[in-house]
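Trainee:
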Ligand SMILES: Cc1cc2nc3c(=O)[nH]c(=O)nc-3n(C[C@H](O)[C@H](O)[C@H](O)COP(=O)(O)OP(=O)(O)OC[C@H]3O[C@@H](n4cnc5c(N)ncnc54)[C@H](O)[C@@H]3O)c2cc1C
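Numbering (the working numbering), first residue to last: 173 to 485.
1) Where does residue 377 fall in DSSP's three states?
2) With distances taken from each beta carbon to the nearest heavy atom of ligand 1, which residues come in below 5 Å, in chain order?
3) If you scan the stretch 382 to 453 from start to end, which runs of the alpha helix (DSSP H) of 4 or more residues do you find wholly inside it?
4) DSSP three-state label for residue 222, please.
5) Look at the alpha carbon of residue 239 and the alpha carbon of residue 430, and state the distance between them as a whole number of angstroms.
6) Beta strand (DSSP E) containing residue 135: first to last residue?
7) Restricting to runs no shorter than 4 residues, where is the alpha helix (DSSP H) found entirely within the stretch 268 to 338?
8) If distances are taken between C-alpha atoms only, which option among 201, 271, 211, 234 comes closest to residue 221?
9) From residue 248 to residue 269, what does the alpha carbon distance come to, in whole angstroms?
10) Assuming residue 400 and residue 377 are in contact, meaning their beta carbons sit under 8 Å apart, how far apart are those beta carbons, in whole angstroms?
11) In terms of DSSP beta bridges, what is residue 180 paired with?
12) Can you give me the start and stop residues for the beta strand (DSSP E) that residue 249 sits inside?
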């Protein structure tokens with residue numbers, strides 16, 4: 173019997189540097205639906221495996237914010253090397269009133285710039301050898317200091333938010349078009365839903381644009397049941413998940429982890445909370461916007477008024 177679930181979303185908070193590995197493991201295990209394997213000992217071996225296999229997009233879910241003094245040398249290094257993937261600004265620190273260079277980037281970007289541009293200062297400042305490219309590098313900047321992880325007192329471009337959503341394949345296909353965000357999604361290649369772990373059933377997202385109790389809904393449900401029957405029959409014939417997934421429709425449930433900075437989140441809301449977006453995308457994006465507004469009202473006031481309070485659609 174096909175399982176029907178509702179869309180849902182939650183924020184995955186990362187509050188301190190020492191929790192980066194735990195956060196990355198929690199995000200990364202979504203791909204394999206192996207969250208049940210998490211213990212206090214599993215984060216480091218999980219990340220070692222991720223780094224070894226080259227599946228580095230998983231470490232993009234952790235963002236670090238650094239400060240450094242406004243010196244000629246720091247300016248020169250930042251402008252002379254074509255450093256990609258970092259957010260850079262000069263800001264007056266609200267904590268002490270001092271003007272500083274603020275740099276932020278996710279763990280993937282920090283490792284890439286160490287490899288490609290020989291700039292290791294940020295990884296060294298973060299202090300976790302698990303992510304180092306080399307331990308013997310010389311610093312190229314003056315006085316790089318970690319200020320915060322994920323969110324901070326600095327401007328929106330440096331502040332990062334990670335979410336977990338339950339949506340359908342159609343919604344995640346649309347949402348993953350946003351290029352300045354990072355994603356980890358339940359893999360229909362790794363997950364074989366005929367196995368006991370998944371209850372031997374397919375899970376579909378309740379359609380938000382087909383009313384329950386209508387003939388159209390019965391038609392949709394009948395089709396989902398036929399797909400499930402074919403999936404289980406192919407599995408019984410020895411079909412592998414690579415073959416079985418060819419049957420999965422846009423309604424199939426997907427767990428999606430998504431991270432971006434607030435500037436990109438606002439851009440995504442402006443496109444995906446809008447009535448021109450597909451209803452299943454609007455549904456999950458409006459849920460996120462409400463959760464963000466509750467936590468960070470100052471950043472999301474305009475989007476909340478526009479799309480949730482309906483001032484303008
Ligand atoms: C209503 C709607 C209908 C759509 N229909 C279709 C469709 O029929 N077919 C289809 O293929 N797609 C479709 N899309 C997807 C759309 O084309 C974009 O791929 C998607 O919305 C990503 O948004 P974006 O390009 O604005 O910015 P993002 O990818 O979120 O990037 C954010 C910003 O970064 C900058 N940026 C990022 N990458 C680059 C780059 N390589 N070069 C220059 N600037 C960059 C831009 O300023 C961009 O606004 C649709 C989207 C919407 C909202």
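Beta carbons: idealized from backbone N, C-alpha and C, even for Gly.
Mentor: Per the coordinate set shown:
1) In the three-state reduction of the DSSP assignment, residue 377 falls in the strand class, which pools E and B.
2) 349, 350, 351, 352, 443, 448
3) Within the stretch 382 to 453, the complete alpha helix (DSSP H) runs of at least 4 residues are 387 to 408, 413 to 416, 434 to 444.
4) helix
5) 25 Å
6) An answer regarding residue 135 cannot be provided, because it is not within the stretch 173 to 485 covered by the chain.
7) Within the stretch 268 to 338, the complete alpha helix (DSSP H) runs of at least 4 residues are 279 to 289, 293 to 298.
8) 201
9) 23 Å
10) So it is not a contact: roughly 14 Å between Cβ atoms.
11) According to DSSP, residue 180 bridges with 338.
12) Run containing residue 249: none in the beta strand (DSSP E); it sits in the alpha helix (DSSP H), 244 to 252.
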